[in-house]
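**Student:** Just passing along the structure, written as structure tokens.
There are 2 protein chains.
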Amino acid sequence: MRSSARFRVSVVSKVKGHAQLKPLVLPPLARPDGMTTHDYAFNRLRQAIMVGAFRPGTSVTIRGLAEALESSPTPVREALRQLTSIGALQFLENRRIVVPHITPARFEELISLRIALESHAARRAVAHLSERQIAQIAAVDDSIETEIRAGDKVAALIANQAFHRLIYMANPDPVAMPLIESVWLQLGPILGIAMEHVTELYVIDRHREAIDALRRRDEDAVADAIAADIREGIGGFDQQAVARLLRLAA
Amino acid sequence: MRSSARFRVSVVSKVKGHAQLKPLVLPPLARPDGMTTHDYAFNRLRQAIMVGAFRPGTSVTIRGLAEALESSPTPVREALRQLTSIGALQFLENRRIVVPHITPARFEELISLRIALESHAARRAVAHLSERQIAQIAAVDDSIETEIRAGDKVAALIANQAFHRLIYMANPDPVAMPLIESVWLQLGPILGIAMEHVTELYVIDRHREAIDALRRRDEDAVADAIAADIREGIGGFDQQAVARLLRLAA
DNA sequence: AATCTCTTTTTGTGATCACATTTTCTGAAA
DNA sequence: TTTCAGAAAATGTGATCACAAAAAGAGATT
């Protein structure tokens with residue numbers, strides 16, 4: 001097991017037509033022994049995008065990332081290609097690689113897709129959850145509150161994702177999970193903006209509702225709680241506030 | 001514009017522990033001018049998997065495909081990596097690349113996911129469909145019937161996908177489409193089995209129902225028709241028959 | 001200052017090669 | 001015939017290089 005330091009990565013960010021170099025921090029990520037370079041690059045970038053480390057419109061270069069990750073273009077390119085397949089990045093026709101822009105309409109589509117996918121996944125998971133797993137989920141929910149009160153937005157976000165993931169992954173064939181994560185990735189860059197402007201996170205009480213419903217094995221109630229949770233916000237970020245920010249950015 | 005011939009590709013197919021070489025046909029695909037080698041490989045393989053050209057468990061090699069596509073390992077590897085990202089292929093721990101196996105339970109999950117995703121996508125498309133687009137959809141539906149009567153299973157399948165795609169893509173932000181295609185890809189290999197064993201395709205009448213509902217702009221009715229269409233079968237293949245085949249294969 | 005043109009640099013693409021691991025093949029022993 | 005060990009072949013991985021296209025920069029002109 002080998003953990004890696006926090007790298008500084010130069011990304012080119014277009015501002016008013018001019019390209020300016022801007023230092024950016026890639027969150028660190030442990031690299032299990034035996035993991036291929038490509039896999040490491042993929043996971044590292046994926047996680048970075050998911051927690052909002054990149055702004056929409058940011059462009060990255062293969063060689064730049066290869067240098068930052070201390071490897072070569074080949075595995076990085078593979079990682080970037082995979083990330084485009086799941087909507088996290090976009091290869092433009094001029095061959096530039098950018099973090100996709102998000103319009104208010106697209107944002108709304110993504111949120112409604114999250115609701116459809118996740119309420120479905122939650123429903124399909126209910127029958128497979130043990131009491132012990134539910135207790136673990138409740139524990140993660142507590143940790144979200146802790147992080148929110150501590151003001152650590154990234155940690156709160158990651159814990160919130162863990163909360164949802166633990167529910168959906170109870171299904172022995174969690175075929176919806178990769179699709180859900182794809183949507184999370186596409187929403188990630190907005191979170192970066194939200195984290196800059198939203199100072200106050202709110203504690204999520206739909207989670208308690210969901211946990212209670214899980215204990216009762218009430219599929220409809222679980223699905224409803226998850227849907228409401230998503231509709232109201234993204235892990236402590238108020239949905240309406242985020243949408244407002246988005247309209248300003250556009 | 002340059003179209004390519006029909007290649008024979010050798011794939012290694014494990015049967016009862018023994019590996020045997022089996023010739024397989026990759027459906028041809030036009031290669032637009034300027035398309036990168038990687039993109040071409042990706043699209044070609046993707047389409048092949050989607051229409052059931054590969055059996056579950058089939059394993060492919062980078063060099064083998066590179067030779068078949070008359071290119072080199074690098075772009076092929078990128079294509080394969082992308083295909084794994086969307087669930088079409090799987091890199092095992094021993095580094096072999098295989099078409100994923102499908103259990104009856106996973107099949108059922110995928111079908112129910114299709115229903116959730118596609119009824120949602122259909123609903124979100126209704127408001128954006130013009131009369132002209134609906135007419136085009138009806139025309140594609142007619143072509144499905146034509147292909148079914150002609151007994152061309154692959155053509156019927158492709159036309160059926162076009163029918164669904166035309167509906168969902170009416171949404172100006174079709175964020176659900178890539179996810180839906182991911183599910184189609186995961187179901188593709190089963191279709192290859194189904195095409196071998198199912199001799200009789202049936203004509204789909206839920207499509208008429210969906211078209212009528214589209215004309216009335218009745219979102220609920222559209223969603224219901226699509227859900228029923230999927231529940232009953234996959235583009236002319238009876239769902240129960242496919243599930244039965246799957247249990248036999250396992 | 002703004003615009004245009006030409007040069008330089010950067011960047012994505014794809015082929016090739018070396019390396020380590022895995023698989024397959026070969027042949028001897030049980 | 002089966003089993004096992006060692007050799008040979010095949011395969012995924014990642015670094016490097018040459019090439020073409022795109023972007024950035026420099027300098028002259030308006």
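Line order of the protein sequences matches chains B and H. With our numbering as the guide, the letters of the first sequence map in order to residues 1 to 250. With our numbering as the guide, the letters of the second sequence map in order to residues 1 to 250. Idealized CB from N, CA, C, for every residue including glycine.
1. Could you give the first and the last residue of the continuous alpha helix (DSSP H) run that contains Met195/H?
2. List, from N- to C-terminal side, the alpha helix (DSSP H) runs of 4 residues or more that fit wholly inside the stretch 34 to 97 of chain B.
3. Give the secondary structure of Leu26/H by DSSP, where H, G and I count as helix, E and B as strand, and everything else as coil.
4. Start and end of the alpha helix (DSSP H) containing Asp229/H?
5. Beta carbon of Arg63/B, beta carbon of Pro73/B: below 8 angstroms?
6. Taking one C-beta from the stretch 128 to 145 of chain B and one from the stretch 86 to 101 of chain B each time, how about it: are there three or more such pairs within less than 8 angstroms?
7. Quick one: which residues of the stretch 79 to 100 of chain B get their C-beta closer than 7 angstroms to a C-beta of chain H? List them in chain order.
8. Could you have a look at Asp152/B and say whether DSSP puts it in helix, strand or coil?
9. Let me confirm a value: Glu118/B is counted as buried when at least 16 other C-beta atoms fall within 10 Å, else exposed. Which label applies?
10. For Val203/B, count neighbouring C-beta atoms within 10 Å of its own C-beta (all shown protein chains included) and say buried if the count is 16 or more, exposed if not.
11. Quick one: grab the DSSP three-state call for Asp238/B.
12. Taking only beta-carbon atoms, is Arg224/H less than 8 angstroms away from chain B?
13. Looking at the secondary structure, which residues open and close the alpha helix (DSSP H) in which Asp212/B lies?
14. Between the stretch 188 to 203 of chain B and the stretch 45 to 64 of chain B, do three or more beta carbon pairs fall short of 8 angstroms?
15. Quick one: what does DSSP say Arg244/B is sitting in, helix, strand or coil?
16. Compute the minimum distance between the beta carbon of Ala150/B and the heavy atoms of the ligand GDP, and state whether it is under 7 angstroms.
17. Ignore the nearest five residues each way along the sequence and tell me which others in Ala125/B's own chain have a CB closer than 7 angstroms to its CB.
18. Under 7 angstroms Cβ-Cβ, which residues of chain B neighbour Ala243/H?
19. Below 8 angstroms between beta carbons: does that hold for Phe54/H and Gly192/H?
20. Under 8 angstroms, Cβ to Cβ, is there at least one residue of chain B near Glu109/H?
21. Using a cut-off of 8 angstroms between C-beta atoms, extract the partners of Thr74/H located in chain B.
22. State the Cα-Cα distance for the pair Ile111/B and Asn160/H, rounded to the nearest angstrom.
23. Of all the residues that make up the stretch 146 to 177 of chain B, which are near chain H by a beta-carbon distance shorter than 9 angstroms?
24. Return no unless some Cβ of chain B is closer than 8 angstroms to the Cβ of Ser71/H.
25. Check whether chain B comes within 8 angstroms of Ala116/H, counting only Cβ atoms and requiring the distance to be less than that.
26. Which of the residues in the stretch 120 to 147 of chain H, read from start to end, lie with their CB under 8 angstroms from any CB of chain B?
27. Is the beta carbon of Leu214/B less than 8 angstroms from the beta carbon of Leu129/B?
28. Considering only residues of the same chain and omitting the five flanking positions on each side of Arg77/B, which have a CB-CB separation below 7 angstroms?
29. Listing by chain order, which chain H residues have their CB less than 7 angstroms from the CB of Leu179/B?
**Tutor:** Considering the structure as presented:
1. Position 195 of the second sequence, counting from 1, holds the residue named residue 195/H. Judged by DSSP secondary structure, Met195/H falls within the alpha helix (DSSP H) whose first and last residues are 177 to 197.
2. Correct list: 37 to 50, 62 to 68, 73 to 85.
3. Translated into the one-based positions of the second sequence, residue 26/H becomes position 26. In the three-state DSSP reduction, Leu26/H falls in the strand class (E or B).
4. By 1-based counting over the second sequence, the position of residue 229/H is 229. Start and end: 219 to 232.
5. Translated into positions along the first sequence, residue 63/B becomes position 63. Translated into positions along the first sequence, residue 73/B becomes position 73. Yes, Cβ-Cβ distance for Arg63/B and Pro73/B is below 8 angstroms.
6. With a cut-off of 8 angstroms, the stretch 86 to 101 of chain B and the stretch 128 to 145 of chain B do not count as touching, because too few Cβ pairs lie within range.
7. Taking 7 angstroms as the upper bound on Cβ-Cβ separation, chain H lies near residues Arg81, Gln82, Ser85, Ile86, Gly87 of the stretch 79 to 100 of chain B.
8. Here residue 152/B refers to the residue found at position 152 of the first sequence. In the structure shown, Asp152/B sits in coil (DSSP, three-state: anything other than H, G, I, E or B).
9. Taking the first residue of the first sequence as position 1, residue 118/B is located at position 118. Buried, by the Cβ-count rule.
10. What you label residue 203/B is simply residue 203 of the first sequence in a count that begins at 1. Answer is exposed; the Cβ neighbour count stays below 16.
11. Residue numbering aside, residue 238/B sits at position 238 when the first sequence is read from its first letter. In the three-state reduction of the DSSP assignment, Asp238/B falls in the strand class, which pools E and B.
12. Taking the second sequence and counting its residues from 1, the one referred to as residue 224/H is at position 224. Checking the sequence, you will find Asp at residue 224/H rather than Arg. No - not a single Cβ of chain B is within 8 angstroms of the one on Asp224/H.
13. Against the first sequence, residue 212/B aligns to sequence position 212. Residue range 206 to 215 is occupied by the alpha helix (DSSP H) that includes Asp212/B.
14. Because the criterion of three Cβ pairs below 8 angstroms is met, the stretch 188 to 203 of chain B and the stretch 45 to 64 of chain B touch.
15. Locating residue 244/B in the first sequence gives position 244, where the first residue counts as 1. It is helical.
16. Of the ligands one can find in the structure shown there are none, so the ligand GDP has no counterpart to examine.
17. Within the first sequence, numbered from 1, the residue matching residue 125/B stands at position 125. Excluding residues up to 5 positions away in sequence, Ile167, Tyr168, Ala170, Asn171 lie with their Cβ nearer than 7 angstroms to the Cβ of Ala125/B in the same chain.
18. Counting from 1 along the second sequence, the entry for residue 243/H is found at position 243. Under a criterion of Cβ atoms nearer than 7 angstroms, no residue of chain B is adjacent to Ala243/H; the nearest Cβ is some 14 angstroms distant.
19. On the second sequence, position 54 is the one that residue 54/H refers to. On the second sequence, position 192 is the one that residue 192/H refers to. Yes, Cβ-Cβ distance for Phe54/H and Gly192/H is below 8 angstroms.
20. As a first step, residue 109/H must be located in the second sequence, where it is residue number 109. Taking 8 angstroms as the CB threshold, Glu109/H lines the interface with chain B.
21. Taking the first residue of the second sequence as position 1, residue 74/H is located at position 74. Contact note: Thr74/H reaches chain B through Thr74, using a C-beta cutoff of 8 angstroms and chain order.
22. As a working mapping, residue 111/B is identified with position 111 in the first sequence. As a working mapping, residue 160/H is identified with position 160 in the second sequence. For Ile111/B and Asn160/H, the distance between alpha carbons rounds to 28 angstroms.
23. Answer set for the stretch 146 to 177 of chain B: Asn171, Pro172, Asp173, Pro174, Val175, Ala176.
24. Numbered from its first residue, the second sequence carries residue 71/H at position 71. Answer no: the Cβ-Cβ gap between Ser71/H and chain B never drops below 8 angstroms.
25. Looking up residue 116/H in the second sequence gives position 116. Ala116/H has a beta carbon lying within less than 8 angstroms of a beta carbon in chain B.
26. If the cut-off is 8 angstroms between Cβ atoms, the stretch 120 to 147 of chain H has His120, Arg124 near chain B.
27. For the purposes of this step, residue 214/B is taken as the residue at position 214 of the first sequence. For the purposes of this step, residue 129/B is taken as the residue at position 129 of the first sequence. The Cβ atoms of Leu214/B and Leu129/B sit closer than 8 angstroms to each other.
28. Here residue 77/B corresponds to residue number 77 of the first sequence, with the count starting at 1. Counting only residues of its own chain and dropping the five nearest sequence neighbours on each side, Arg77/B has a CB closer than 7 angstroms to the CB of Ile62.
29. Taking the first residue of the first sequence as position 1, residue 179/B is located at position 179. Against Leu179/B, the close residues of chain H are Leu179, Ser182, in the order they occur along the chain (beta-carbon pairs closer than 7 angstroms).
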